[in-house]
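Trainee: First the structure, then my questions, so here it is.
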Amino acid sequence: MTLRRKLGFCTVLAVVMGDMLGSGIFFTPGQLAAVVTSEWQIYAFWLLCGLITLCGALTLGELAALLPRPGVAYHALTEAYGPFAGFMQVWILILVSGPGAIAGVAILFGELADDVLGSGGGGAVLAFACAAIVFFVLVNLRGADWGGRTQIVLTAVKVGGLVALIAGGIFIAAPAAPEHTSTDAGSGLLDLVRIVGLGVAIVLFTYDGWIDASHIAGEVRHAERNFPLAMGTGVLGITLIYLLVNFAFLRVVPLETMREAPTLVATRVAEAAFGEYGGALLAIFMTLSIFGALGGLVMTLPRIYYAAAAEYVGRAGGTAFGPAFRAVAWVSPRSAVPAGAILTGAALAIVALFFFGSFSRIVTFFVVPFQFMNILMVSSIYRLRPRLGKSSAFSLPGYPVVPALFIAVMAMFVVTAMVYNPVDSLIGTGLTLAGIPVYRVLTRGSRPAAEEGR
């Protein structure tokens, strides 16, 4: 049983924008204000990170056109660098990164929902988190079109809410009195490097999530056309929204005031625009925003689990991993969705919820290996385009410079993470390398189908 191509351009666009739009945009402007020395630097950082993300997204768009299968990143790594590279990416996602992402977003939703409803207590937070995961599991088990329509609705609500906040900050709220801000970028080159490094690290986090959309490429109609167009449109749309949000924020809350209370910037803008109900409306909107981001993760991440399990299920049959791979690779004959992978991802996330409760630190273990695999995935275009490029309906503009820019910036980001967070980086690297013996067991005496076909 294979997955069916039911998803169109609007669904992919909704997934791209929905997965990128979480809670970051409400808090990142205040965090960035503590780093920069003048307003123009804020716009420069948001525009720079948007362009970097666009470089990666367009590259992924061509990879999806070359390999329109579930879990494009997995197949790109496998085809370009061999089965071991693809396996290690999925190992990272299954071990902690995937369940950790779902659980972490679910916990945040639970906290926001608890605040809005005023139920109180840690038990209520976990209950809301679990209920949200189960809700999206049930929706996605109905079919890919159900999951897609749900994401379209939730993303439309999220974008509409942000547009309302932007309009309120620009056209309704009274502008703040101008403040004098320093234009000194620092006393030397090291200060400039520090500002750039910290600023990019803060803002890039808010652009995260665009890669998740690639996992559904195998269910997109005319993926060679719809997927690259949706990726590029989605990232450009998010970049424009982020720039307008910062303009609205700075119009109401000057830079110096942002530095004093970085977590309250969005609340002050909402209250200035919509009065005493502004804070409550913002809290409800943030809850819906996180809810939508959770839905995107529950929909997309299981697809890459399925891609790897389907690749190795035949090879794992004679090992202790055989039953697990068959379960994860199971496709529902009625809805044609990877039901086994959806249930597996949800089960791992719920287990993680109760055993860890918070993922603020454990996810940082995998920043270095996960971003390294993303760099490797983007670099695969240099191997795959010469081999498969003639069959692609989409040609990456600016090749080979565009992927090189993404690789260079993300490589600096990885080096910075290793320098400033060496312990967690080493732990994450060690846990990642633990996948080597598992891979050796799976491939002992045989090779995966991807390797045999070459």
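The end of the sequence shown is residue 461 by our numbering, with every number in the run present. Backbone N, C-alpha and C define an ideal beta-carbon position, used for all residues, glycine too.
DSSP three-state call for L10: helix, strand or coil?
Mentor: Correct three-state label for L10: coil.
Trainee: Per DSSP, V227 is paired with what?
Mentor: The partner list for V227 (beta bridge, DSSP) reads L14.
Trainee: Are the CB atoms of V23 and M306 within a distance shorter than 8 Å?
Mentor: No. Outside cutoff.
Trainee: Rounded to whole angstroms, what's the CA-CA distance from N381 to P345? Just pull it up for me.
Mentor: Cα to Cα, N381 sits roughly 24 Å from P345.
Trainee: Looking only at its chain, what residues have a beta carbon closer than 7 Å to the beta carbon of A131, apart from the 5 residues adjacent to it on each side?
Mentor: Within the same chain, A131 has close Cβ partners D121.
Trainee: Find the nearest neighbour of G107 within the set E86, I140, P75, P261, judged by alpha-carbon distance.
Mentor: If we check each option's Cα against that of G107, I140 comes out closest.
Trainee: Taking only the alpha-carbon atoms, compute the straight-line gap between L172 and G442 and give it to the nearest angstrom.
Mentor: When rounded, the distance between both Cα atoms is 45 Å.
Trainee: Beta carbon of P36, beta carbon of V385: below 8 Å?
Mentor: It is not a contact, given that the beta carbons lie outside the stated cut-off.
Trainee: Residue range of the alpha helix (DSSP H) that E283 falls in?
Mentor: Segment: none, E283 is in no alpha helix (DSSP H) and carries neither H nor E.
Trainee: Return the chain-ordered list of same chain residues with a C-beta closer than 8 Å to the C-beta of I297, the five sequence neighbours on each side being excluded.
Mentor: Counting only Cβ-Cβ distances below 8 Å, and skipping sequence neighbours, we find G29, S30, V112, L115, F116, L119.
Trainee: Helix, strand or coil: how does DSSP classify N381 here?
Mentor: N381: helix per DSSP, three-state reduction.
Trainee: According to the Cβ coordinates, are M293 and F33 closer than 8 Å?
Mentor: Against a cut-off of 8 Å, the Cβ pair of F33 and M293 comes out as a contact.
Trainee: When we look at the beta-carbon of S104 and count the other beta-carbons within 10 Å, is it buried (16 or more) or exposed?
Mentor: Buried, because 16 or more other Cβ atoms sit within 10 Å of the Cβ of S104.
Trainee: Residue ranges of each alpha helix (DSSP H) run of no fewer than 4 residues wholly in the segment 42-126, ordered along the chain?
Mentor: Runs of the alpha helix (DSSP H) inside the segment 42-126: 46-73, 79-88, 90-99, 105-124.
Trainee: In the DSSP assignment, find the unbroken alpha helix (DSSP H) run with D215 in it and report its ends.
Mentor: That residue, D215, is in no alpha helix (DSSP H); it is neither H nor E in DSSP.
Trainee: Taking the straight line between their C-alpha atoms, what separation do you get for D215 and A359?
Mentor: If you take the alpha carbons of D215 and A359, they lie about 22 Å apart.
Trainee: Have a look at G285 and V421 and give me their C-alpha separation to the nearest angstrom.
Mentor: In a straight line, the C-alpha of G285 is about 39 Å away from that of V421.
Trainee: Do you know offhand how far V445's Cα is from F379's?
Mentor: Roughly 20 Å between the two C-alpha positions.
Trainee: Which value, in whole angstroms, describes the spacing of the CA atoms of L73 and A134?
Mentor: If I take the Cα positions, the gap works out to 42 Å.
Trainee: So what's V132 in DSSP terms, helix, strand or just coil?
Mentor: Residue state, collapsed to three classes: helix.
Trainee: Straight-line CA distance for E459 to T436?
Mentor: Any reading at E459 must be qualified, since the residue scores a pLDDT of 45, below 50, and its modelled position is unreliable; no value is offered.
Trainee: Are the CB atoms of R390 and A87 within a distance shorter than 8 Å?
Mentor: Yes. Within cutoff.
Trainee: Can you tell me whether DSSP reads Y406 as helix, strand or coil?
Mentor: DSSP places Y406 in coil when its eight states are reduced to three.
Trainee: Rounded to a whole number of angstroms, what is the C-alpha to C-alpha distance between L5 and Y319?
Mentor: With the chain represented from 8 up to 461, any question about residue 5 goes unanswered, as that position is not in the structure.
Trainee: I'd like to know whether the C-beta atoms of L10 and G225 end up nearer to each other than 8 Å.
Mentor: A contact, by the Cβ cut-off of 8 Å.
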